[in-house]
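Chains as they are written, first to last, in my numbering: chain A, 31 to 134; chain B, 5 to 568.
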């Protein structure tokens, strides 16, 4: 699994580059976030949660059976909305409140 | 590439700002006005094992249980090769650190009576997606803690077997840091990336353990002459196939049983230990009864949705897999598989050989969390508890030292390894680039996989295969020694490869020394397929004259205080 940064949506705030545990994201000369080596991504989704512009998408690599679905995260106070676009284009959103503990 | 030298002074240097490191810094500041410096390779907000989050605290003493029960459980699971003194002191701190994390803002599921809700025998259910930001936030509020993000510590400064600080290099900035400290805590991660992973292609970093944990902490200790223990007790995780997501949430959360392709529950046929469950799965596959699954078909709709949420809080790829395939766990059983082997003191007993206060055999150098050996089944709370123990011991070391010894300023050049040797290459020769570094890493992983008991060999090895592995890794190390760095990032990748290669050699020496099979699944020695009571002891090692000298040591029980 890895991420793709949508250049047109990136506002160049650099928060994704800050938090990446592998220091894999850079800000290029155009002031946009880039991930030169997406194959080095662990798939922790830290950058998605930090991005205020919904510019980062998470996907599963084809070599591990990825089917083309995409995931983004919207943050709203204590809520995290995980927007998942399925391969057929339909959208499913799962919302988690950090004040609620998991049941499992 | 030119490096600017920058001197940094602190009282307490903490290498690695993960769970153990951040907690140690907070504990230290509760009891002292001295300065603390956390040197972190990434950024403490989301670095280390907790980057994606965690949805349970797996080490907690529930009502009716005692710390001694926890010690017994960990000892059983590790086939007896544990340090009782380390386990009991860690276990006594588990509930205290849990309460502190709740005060800092961690959400823990409660029963109607206000007590924590249990998940299994030793576990609590939490919302731990934000556990690392919570810790980092607490660290940032403490004025005596300085955090140096994006620096890679690569070498201790040691003289007369006493630590004086460490060398580090900036990842983004061409700066060589010479950090002087009165005491140092090694709180780095363990080692991933030694073996060929489950998905060796584009998704090769989709592994259980952080691929950014390179074993740097172990390698620095080895080079400095520190005694290491039980590296041969590799950790191999039983995971959801492909996504390598955790299985505990399915097994303990909704009670899913391990079943083979015939639908039979096979767990009870094998040892009910962490390694035994892995061994059982490997054995079922080898005997033609695979693939193995966790039986989730039949769970309720509510359970199905809650599982999707639980995985988003720790392994989001698994939820994406369920949703994009249309097969959520209630509709299809979840296939499971073993990962490649890792070295990590948070789960097994591998790491630095420490005294009861977590001081290593190098004076003033302490270890906690994944770096510290002898104390398996730490998980997150155990890493916190060890961070606290080590921080207090380091404080005592400093206080004692101030009365007797003089200055503890860095002794530049006293190190066994000249750091400038690495840097001069970049200036004198052209860079081979990332591609060459990656090629050597892949070769290393293939050698370890084929000859030192990787996935493709079902975790099996022999004296002969280990000898082959050792020869090939030595030859590869010579080639790695010729790599050149064009910038600081490449330099860090070369360091990481060098660290992993040294650790491979250490691991091979430890595997060869344990002439038995103590942990079915984790380490299958085909020459000695059974456990042997003569090996009910620790296998330790020291790196001397470019060779690993093996040291056997007798078991230490709880209640004892172990000093070097």
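Note that CB positions come from ideal geometry on N, CA and C, so glycine has one too.
Terminal residues of the beta strand (DSSP E) in which residue i lies
| i | result |
| --- | --- |
| residue 591/B | The first residue shown for chain B is 5 and the last is 568, placing residue 591/B beyond what the model contains. |
| residue 111/A | 109-115 |
| residue 77/A | No beta strand (DSSP E) holds residue 77/A; the alpha helix (DSSP H) holding it covers 76-80. |
| residue 11/B | 8-13 |
| residue 48/A | Unbroken run through residue 48/A is the alpha helix (DSSP H), 45-49; no beta strand (DSSP E). |
| residue 33/A | 32-35 |
| residue 18/B | 16-19 |
| residue 86/A | 86-89 |
Limits of the alpha helix (DSSP H) - the one that residue i falls within
| i | result |
| --- | --- |
| residue 101/B | 98-108 |
| residue 95/B | 88-95 |
| residue 132/B | From DSSP, residue 132/B is part of no alpha helix (DSSP H) but of the beta strand (DSSP E) over 128-132. |
| residue 33/B | 23-35 |
| residue 144/B | 135-144 |
| residue 438/B | 437-455 |
| residue 328/B | 320-329 |
Exposed unless 16 or more other CB atoms sit within 10 angstroms - verdict on residue i
| i | result |
| --- | --- |
| residue 37/B | exposed |
| residue 568/B | exposed |
| residue 417/B | Annotation note: pLDDT 47 at residue 417/B (below 50); position unreliable, no value reported. |
| residue 272/B | exposed |
| residue 509/B | buried |
| residue 362/B | buried |
| residue 533/B | exposed |
| residue 109/A | exposed |
| residue 482/B | exposed |
| residue 6/B | exposed |
| residue 460/B | exposed |
| residue 70/B | exposed |
| residue 54/A | buried |
| residue 536/B | exposed |
| residue 551/B | exposed |
| residue 207/B | buried |
| residue 304/B | exposed |
| residue 153/B | buried |
| residue 193/B | buried |
| residue 291/B | exposed |
| residue 268/B | exposed |
8 Å contact criterion, which residue i and residue j should meet: CB distance rounded
| i | j | result |
| --- | --- | --- |
| residue 157/B | residue 172/B | 4 Å |
| residue 480/B | residue 451/B | 7 Å |
| residue 36/A | residue 87/A | 7 Å |
| residue 380/B | residue 343/B | 17 Å between Cβ atoms; not a contact. |
| residue 327/B | residue 116/A | 6 Å |
| residue 233/B | residue 298/B | That pair is no contact at about 33 Å. |
| residue 282/B | residue 449/B | About 20 Å separates the two Cβ atoms, so there is no contact after all. |
| residue 367/B | residue 166/B | 4 Å |
Which of helix, strand or coil DSSP assigns to residue i
| i | result |
| --- | --- |
| residue 4/B | Coverage of chain B is limited to positions 5 through 568, which leaves residue 4/B absent and any answer about it impossible. |
| residue 252/B | helix |
| residue 160/B | strand |
| residue 556/B | strand |
| residue 104/A | strand |
| residue 169/B | strand |
| residue 74/B | helix |
| residue 59/B | strand |
| residue 472/B | helix |
| residue 189/B | strand |
| residue 290/B | helix |
| residue 181/B | strand |
| residue 114/B | strand |
| residue 303/B | coil |
| residue 315/B | helix |
| residue 1/B | Given that chain B is displayed from residue 5 to residue 568, the structure contains no residue 1/B and the question cannot be resolved. |
| residue 567/B | coil |
| residue 41/B | strand |
| residue 118/A | coil |
| residue 298/B | strand |
| residue 479/B | helix |
| residue 56/A | strand |
| residue 4/B | No information on residue 4/B is available, as it lies outside the stretch 5 to 568 that chain B covers here. |
| residue 459/B | helix |
Inset, instruction - Could you name each continuous beta strand (DSSP E) segment of 3 residues or more that falls completely within the segment 332-406 of chain B, going from the start of the chain to the end? - result: 338-342 and 369-371
Legend entry - Complete runs of the alpha helix (DSSP H) confined to the segment 485-558 of chain B [at least 4 residues]: 492-517
Inset, instruction - Taking only runs that begin and end inside the segment 201-286 of chain B, name each unbroken alpha helix (DSSP H) of 4 or more residues, in chain order. - result: Unbroken alpha helix (DSSP H) runs of no fewer than 4 residues, entirely contained in the segment 201-286 of chain B, are found at 220-227, following chain order.
Legend entry - Residues, ordered as in the chain, of the segment 68-85 of chain A that lie near chain E by beta-carbon distance below 9 Å: The question asks about chain E, but that chain is absent: this structure's protein chains are A and B.
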